[in-house]
Structures are given as C-alpha cells and as structure tokens.
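Below is one structure, written out as structure tokens, with a few remarks after it.
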C-alpha cells in the first residue's frame, strides 16, 4: 500500500489526486492521512538533524560547510544527503568558513644559497607516508608585531608533523620545524624523503642544508616565481588563516602561539575532515594505514 501512496505523491502535480486514487485503488482519506503523517515524520526528522548539526557545527569551531557537515553526520551513523544538510544549515543561518581564492605569491630568491632541483615535479603520484614532505613559512599579525610560523606537512596524509614559531625570519625556526618532523616520524623514516619548499633564503642556507644531509633527506625546490608546486602547503596556511587567524585578534605573540598550536594539534590533525583523504582526519587516515 505504501508504494501506491508514494506513486500518488510523485504524480500529484500532473494529475488530479481523485483520479490517481481511483486508478491506484486507494482512498483519498487514506492518502491524505498517509501524506500528513509523512510530513510530520519529516519535520520530526528535520528537528532531530538540526540539533545534530548545531552540535557538530560547534565542534567544528563553526567552520564546516554542508559538504563536511554531511560527512560528519554520516560518520555518526546518520543517513542524510547533502541537499538536506544544506537546507537545514541555511534555515538555521549556519555557514562554513569559505576559502579565499588561491593567490600565488613569489618568494625572494635573490640570494647566493644553493637551489635544489624540483624533485617533486618528477614524482607521478604520492602513494605513501614519508614519501614527500612539504614545508613553508607564513606570518600572523599580533599587536606586538609579526609572528612567523614554519611547518612541515606529510603530503600523503596532510598531517602537520613539524612546526615552529619565530619573531623574525631567521633560519633557526625553519630548522626546528624540520627536526620536529624528523623526531615525530622517527629518524630512519625520514631517510630519502623528498622535502619540497620554495626558494626562500632559509631553505637554501648552509645550516638547513646540513640538517637535510645529516638525516639523508632529499631537498626539492619550486620553480622560480611559482608556488603552485607547493600548493598543499599554501592551502594549509589558507585554511589556518580563514578558520582561525582572521577571526581572532592576537594581543601578544604568546597568545598567537598557544592558539595556533592548539588548532593544529587538537583540531586540524585530530578532528578536521579532509575531503582529499576520504573525509576523515589526518590522524585517522594514518591510523587506517598502519592497522591494515
């Protein structure tokens, strides 16, 4: 009987409901009772999903749009489509943080440091952990002045495995981020990793290159004035700024350090869903790889 009611509902915009009920062998009163109950069930379901969305949105630090929200709800066992989630979020006035258009920036490469070949360009596909790491530097405004962040990302899992801060653009904090990544992965795992960066003076310095040599890491650098080669690192910084930095006023560098550290380790690596790795977090993705 339910199938007949569903068929009548599907065709009611094209034919009179009286005719449909007669042809399908159902009563008008029965159809209207079913249709009213269907609407009530849908409204009840919407209210329940709305509460789930409110909770998940807060847990995402009010950053998820409907695609990631759909992944989150499905991971919680809810059978729901993107269209419904988009409607419920729109009705509730919830909007994720949108990534700004990617804006390439050039790197000051007018220095006498060594320039490594672009090994990344010769890799057809990244298929495992510790195959390619990507590293870069960005800046964060505070009332005390600029705070600089260097990070190292595993390009397969998107996990940030090394990071360090500095109040100036010296070389040491870039070295510190590298050493954190090496220690995080274990020294031997770093051997023969391709570490890709731009042509910045920090990455061409003798101090940085000596650390690469000591740990048997292969340097790779982008083409001149082309940061698309390091797009994953650029995308990470874009996400960091849109979801955290642009929404926060930092009075001190110390405040910014604590905030960014917590966002990287407690949210980005551990909880944030990445569509490029199956809609799960980098930590969960790596856990799946190691438990297969």
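In my numbering, the protein residues as written are 367 to 658.
Don't be surprised by glycine CBs; every beta carbon is placed ideally from N, CA and C.
Handout entry: Contiguous alpha helix (DSSP H) assignments of at least 4 residues, all confined to the region 387-444
Key = 394-425 and 432-441
Exercise for the section: Classify residue 462 as helix, strand or coil using the three-state DSSP reduction. Expected result: Your numbering for residue 462 matches position 96 in the chain shown. Looking at residue 462 - three-state DSSP - the assignment turns out to be coil, as it is neither helix nor strand.
Practice task
Starting from the C-beta of residue 638, find all residues in its chain whose C-beta is less than 7 angstroms away, skip the five residues before and the five after it, and write them out in chain order.
Solution key: As a position in the chain shown, residue 638 is number 272, starting the count at 1. 647, listed in sequence order.
Practice task
Following the continuous beta strand (DSSP E) through residue 345, name the residue where it begins and the one where it ends.
Solution key: Past the boundaries of the shown model lies residue 345; the chain is included only from 367 to 658, so the question cannot be answered.
Problem - Three-state secondary structure assigned by DSSP to residue 491 - result: As a first step, residue 491 is located in the chain shown; it is residue number 125 there, counting from the start. Reduced to three states, the DSSP call for residue 491 is coil.
Handout entry: Cβ-Cβ distance between residue 481 and residue 570 below 9 angstroms
Key = On the chain shown, position 115 is the one that residue 481 refers to. On the chain shown, position 204 is the one that residue 570 refers to. Yes.
Handout entry: Coil, strand or helix - residue 469 by DSSP
Key = Translated into positions along the chain shown, residue 469 becomes position 103. The predicted model places residue 469 with a pLDDT of 45, which falls under 50 and marks its position as unreliable, so this point remains unresolved.
Handout entry: In DSSP terms, what residue 517 is bridged to
Key = Looking up residue 517 in the chain shown gives position 151. In the DSSP output, where bridge partners are listed per residue, residue 517 has 502 and 529.
Practice task
Can you give me the Cβ contacts of residue 640 inside the same chain, cut-off strictly under 8 angstroms, excluding the 5 residues immediately before and after it?
Solution key: Residue 640 sits at position 274 when you count from the first residue of the chain shown. Same-chain partners within the cutoff: 524, 646, 647, 648 and 651.
Handout entry: Straight-line Cα distance separating residue 506 from residue 531
Key = The residue given as residue 531 occupies position 165 in the chain shown. The residue given as residue 506 occupies position 140 in the chain shown. Rounded to the nearest angstrom, the two C-alpha atoms are 10 angstroms apart.
Practice task
Would you mind stating whether residue 450 and residue 412 have Cβ atoms separated by less than 9 angstroms?
Solution key: On the chain shown, residue 450 is found 84 positions in, with the first residue counted as 1. On the chain shown, residue 412 is found 46 positions in, with the first residue counted as 1. Their beta carbons are under 9 angstroms apart, which means residue 450 touches residue 412 by this criterion.
Exercise for the section: Could you check what DSSP says for residue 508 in three-state terms: helix, strand or coil? Expected result: Counting from 1 along the chain shown, the entry for residue 508 is found at position 142. In this structure, residue 508 counts as strand in the three-state DSSP scheme.
Problem - residue 520 versus residue 369 - alpha carbon distance - result: Residue 520 sits at position 154 when you count from the first residue of the chain shown. Residue 369 sits at position 3 when you count from the first residue of the chain shown. Using only the alpha carbons, I get a separation of about 51 angstroms.
Problem - Distance between beta carbons of residue 589 and residue 484, contact taken as under 8 angstroms - result: In the chain shown, residue 484 corresponds to position 118, counting from 1. In the chain shown, residue 589 corresponds to position 223, counting from 1. With a Cβ gap of about 6 angstroms, residue 484 and residue 589 count as contacting.
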